[in-house]
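Protein chains: 2
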Amino acid sequence: MAERGDLGWLLGASLRAYMEGAERAVAPIPFGYKGYMVLSAVRRFCPGTQLELGRRLAIDKTVMTHVIDALEEAGLVTRRPGPADRRARRVALTAAGEEALQAAVERLAAEERRLLGGVPVAVRDQLVEGLTYLAEKGGSGPECGEVSDCSVS
Amino acid sequence: MAERGDLGWLLGASLRAYMEGAERAVAPIPFGYKGYMVLSAVRRFCPGTQLELGRRLAIDKTVMTHVIDALEEAGLVTRRPGPADRRARRVALTAAGEEALQAAVERLAAEERRLLGGVPVAVRDQLVEGLTYLAEKGGSGPECGEVSDCSVS
DNA sequence: TATTGTTATACTCTATAACTATA
DNA sequence: TATAGTTATAGAGTATAACAATA
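Sequence lines, in order, name chains A and B.
Counted from 1, the first sequence has number 108 at position 106 by this note's numbering; the numbering is strictly sequential.
Counted from 1, the second sequence has number 98 at position 96 by this note's numbering; the numbering is strictly sequential.
Here is the structure:
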């Protein structure tokens, strides 16, 4: 934010610009973009306990409780005790959750296209490449393994 | 943040990664990176009223009051009524402020070099180009004119 | 009356601590 | 004893509203 051109300012301003549209795009989902992130991670990492979801998304477990409370109340996810460990609750998308997520993904993609419209594809690719590098340099969940199987009931 | 690879997640995670080092780099300055931004903008836009500083940095005027209070108390800036309009207070760097800013700029540059160390220069350039485009698409102060003269007393 | 800046207050977001229920 | 999750509470950070001084 300081001198425009500083990496910090650029990242902050870019994030603000992105979020402005993103929050609008995912609007119906409780907790906005954060709620969308959780829905998205639930689909991707399937059963996923809340703690695991939190680790992957860098969201505190207490925050996760509130978000999932809201998503459950809105009928977008279910929360059931795990079969092996009844403490670890399995979060899963409902049909309505799948729909809401799919709709959000589409509106978000449209928003990204709008936002990146004027950026040449080559620049865009290297933008993503650079950001991916930076993101991985941070401590956000380097210990997350890959997804195993995935068959929602 | 949702699916790693999403632009939103990438921007958020990159900003976190950057800020981790940046806050450490500017540590002695009150209000951390925000304080650094203000110092930096004061040097760049010289006299600058508080309101103008806030507009340029997307910082609320009430927040600006607190930040400048702290910077003034730390002896890094002075705050005097403007000659033409005594409501609009002119903020200026002290010698100590110049020093603190210069030191922070250097540590920050080192931190950026460390963070971007593994990124090829071509990618880095296009990363900055892409971010600059995104940042300007946002509403953060498009109505800010350029700097006029600048001679601190 | 409008504007700069301050103060006090309220709100949002997040983290900490204490608790429960399982293991 | 340790862990998953919940609840209540406290803490940043930010914004809103009312105010003082000046224009």
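C-beta atoms are modelled at their ideal positions from N, C-alpha and C, and glycine is treated no differently.
Note that the structure is predicted; figures quoted are calculated from it, not measured.
Give the secondary structure of residue i by DSSP, where H, G and I count as helix, E and B as strand, and everything else as coil.
i: B/Arg1; result: The question about residue 1 of chain B has no answer here: the residues shown for chain B are numbered 3 through 155.
i: B/Asp71; result: helix
i: A/Leu17; result: helix
i: B/Gly23; result: helix
i: A/Val65; result: helix
i: A/Asp87; result: coil
i: A/Val121; result: coil
i: A/Gly132; result: helix
i: B/Gly56; result: helix
i: A/Ala105; result: helix
i: B/Gly29; result: Note that residue 29 of chain B is Ala in the sequence shown, not Gly. Correct three-state label for B/Ala29: coil.
i: B/Gly140; result: coil
Hey, residue i and residue j: beta-carbon distance below 8 Å or not?
i: B/Leu59; j: B/Val40; result: yes
i: A/Met66; j: A/Leu55; result: yes
i: A/Val44; j: A/Val107; result: no
i: B/Arg81; j: B/Ile70; result: yes
i: B/Ser42; j: A/Ala137; result: no
i: A/Gly10; j: B/Ala97; result: no
i: A/Ala76; j: A/Pro32; result: yes
i: A/Thr51; j: A/Ala102; result: no
i: A/Leu13; j: B/Leu13; result: yes
i: B/Tyr135; j: A/Gly99; result: no
Any C-beta of chain B sitting closer than 8 Å to the C-beta of residue i?
i: A/Arg126; result: yes
i: A/Glu108; result: no
i: A/Leu78; result: no
i: A/Arg18; result: yes
i: A/Gly34; result: no
i: A/Thr51; result: no
i: A/Ala112; result: no
i: A/Gly99; result: no
i: A/Ala94; result: no
i: A/Ala29; result: no
i: A/Ala86; result: no
i: A/Thr90; result: Checking the displayed sequence, the identity of residue 90 of chain A turns out to be Ala instead of Thr. By this cut-off, A/Ala90 is not an interface position.
Could one say the Cβ of residue i lies closer than 8 Å to chain A's Cβ atoms, at least one of them?
i: B/Glu74; result: no
i: B/Lys63; result: no
i: B/Glu54; result: no
i: B/Val69; result: no
i: B/Ala121; result: For the sequence presented, residue 121 of chain B should be read as Val rather than Ala. True, the Cβ-Cβ gap to chain A drops below 8 Å.
i: B/Gly140; result: yes
i: B/Glu131; result: yes
i: B/Gly156; result: With chain B represented from 3 up to 155, any question about residue 156 of chain B goes unanswered, as that position is not in the structure.
i: B/Ala137; result: yes
i: B/Thr134; result: yes
i: B/Ala15; result: yes
i: B/Ala102; result: no
i: B/Ala105; result: no
Which residues does DSSP list as the beta-bridge partners of residue i?
i: B/Leu95; result: B/Val79
i: A/Thr51; result: A/Arg92
Between residue i and the ligand MG, is there a pair consisting of the residue's CB and a ligand heavy atom that are separated by less than 7 Å?
i: B/Thr80; result: Among the ligands in the structure shown, none appear at all, so the ligand MG cannot be discussed.
Evaluate the contact criterion for the segment 11 to 28 of chain B versus the segment 103 to 116 of chain B: three or more CB pairs, one atom per stretch, below 8 Å. yes
Under 8 Å, with one C-beta from each stretch per pair, do the segment 126 to 140 of chain B and the segment 125 to 139 of chain A reach the 3-pair mark? yes
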